[in-house]
Amino acid sequence: MIKVEGLTKEFIRKGRDGKAVRKLAVDGLSFEIGRGEIFGLLGPNGAGKTTTIRMLTMQTEKSAGRIFYDGMPLEGNEKAIKEMIGIVPQHINFDNDLSVGYNMELHGRLHHMDSMDRKLRIGELLRYIELEDTVNMPPRQLSGGMKRRLLIARALIHRPKILFMDEPTVALDPQVRRRIWDLIREMAANGVTVLLTTHYIEEAESLCNRVAIINKGRLVDIDTPASFCQRMGRIAVEWNGTAENGNTIKGGMATEAGKSAKGGKAGSSGDELHESGRQYRFFDSRQEAAEFVAAQELEDARIRRSNLEDVFIELTGRREGL
């Protein structure tokens, strides 16, 4: 459905000395997204997620690379592609002097929908997001969660095949966030392809069929959340400080207690990661993890399932949102 090859964005600004300063915000991204897939771009703040969305949706000109929608190159097919896509921006941008219904009406007109279709579609979408009673209210009277749902409805008004969502649940409480997740799942089940950016690791892990981890504008890795965790090691041991008693796990498995897995390949049983005063080591089984804890006499150790946050920290060296 979407194919991206070598997508690059370079910003050029004047420095204090008047000379041009070049910054690569996005550096050669390549990936493909299938029809009906929920695909996540996960990365720290400033990783290039929003810039990528803006290039894909023709809001920012790319510096290099190629973009294809349903086999069509972006260049020369901009008008047709604009009708294929819907955009849910990170920032809420309704006209607060107009009603909810008229904000939706204007968006339908931009997509050249006829009057009757607009009217029926607005009613259908407001019922879908459970906001039909707000049609005559100004958006300023809605809660943050209601506004986020309304952004989704507005983006869907012209029945797009592809929906771009830039940080769709930013600043929402967990309960409202999960309501948005339900809407996204329903859309994908109805055949809409969803590309979302997020720095919430739990969101990517819960929602996405596949996740691309990006850092400093570059693609670090891409896989399903489950496969990421399996490659890392299914079981994690987490503890404060360092192991005290040598380098050998009971049962004969050799490890290196001080080895850092940062920058290395995930997936080796016994890989260790240091982060924020905590240490982590990953194993293929709970038994191996328990043997390590016993051999190293780790009194404060916690044995748990590995998760996407472990992968994220290893591959980027950063926690979510940093």
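By the UniProt record's numbering, the letter at position 270 of the sequence shown is numbered 270, and the numbering carries on one by one without gaps. Heads up, the beta-carbon is just placed ideally off N, CA and C, and yes, glycines get one too.
Check for me: the beta strand (DSSP E) holding residue i runs from which residue to which?
| i | result |
| --- | --- |
| V21 | A20 to I33 |
| K9 | I2 to K14 |
| V194 | T193 to T198 |
Just to confirm before moving on: does the CB-CB distance between residue i and residue j stay below 8 angstroms?
| i | j | result |
| --- | --- | --- |
| S99 | N45 | no |
| R286 | I303 | yes |
| I213 | F282 | no |
| G145 | R178 | no |
| S306 | G233 | yes |
| L163 | A155 | yes |
| E205 | L142 | no |
| residue 348 | V237 | Examination of residue 348 is not possible in this model, given that the chain is present from 1 through 322 alone. |
| L315 | D221 | yes |
| I67 | L7 | yes |
| W181 | L207 | yes |
| R118 | E132 | no |
| A20 | I33 | no |
What did DSSP end up calling residue i once you bin it into helix, strand or coil?
| i | result |
| --- | --- |
| N103 | helix |
| G86 | strand |
| D17 | coil |
| G270 | Because the pLDDT at G270 is just 49, under 50, the model does not fix this residue reliably, and the value given afterwards should be weighed accordingly. G270: coil per DSSP, three-state reduction. |
| G43 | coil |
| R210 | strand |
| M72 | strand |
| E221 | Reading off the sequence shown, one finds Asp at residue 221, where the question assumed Glu. Reduced to three states, the DSSP call for D221 is strand. |
| G145 | helix |
| G108 | helix |
| residue 329 | Outside the displayed range of the chain (1 to 322) lies residue 329, so it cannot be described from this structure. |
| L163 | strand |
Residue range of the alpha helix (DSSP H) that residue i falls in?
| i | result |
| --- | --- |
| L207 | I201 to L207 |
| V170 | Premise fails: V170 is in no alpha helix (DSSP H) and is neither H nor E. |
| V293 | R286 to Q296 |
| S115 | S115 to Y128 |
| E37 | That residue, E37, is in no alpha helix (DSSP H); it is neither H nor E in DSSP. |
| residue 361 | Here the chain has residues from 1 to 322 only, and residue 361 is not among them. |
| K49 | K49 to L56 |
Residues bridged to residue i by DSSP?
| i | result |
| --- | --- |
| E238 | Y280 and R302 |
| N215 | R218 |
Segment contact, 8 angstroms Cβ cut-off, at least three pairs: the segment 59-72 with the segment 116-130 = A contact between stretches requires three or more CB pairs, one per stretch, nearer than 8 angstroms, and the segment 59-72 fails this requirement with the segment 116-130.
### Message
Pairs of beta-carbons, one from the segment 33-43 and one from the segment 93-108, closer than 8 angstroms: are there three or more?
### Response
Look at the beta carbons and you see the segment 33-43 not touching the segment 93-108: under three pairs across the two are nearer than 8 angstroms.
task: Decide yes or no for the touch test of the segment 76-89 against the segment 157-171: beta carbon pairs closer than 8 angstroms, at least 3 of them.
output: Output reads yes: the segment 157-171 touches the segment 76-89.
>> Tell me whether the segment 17-30 and the segment 191-203 touch, counting them as touching only if at least three CB pairs, one residue from each stretch, are closer than 8 angstroms.
In response: Verdict: no, contact absent.
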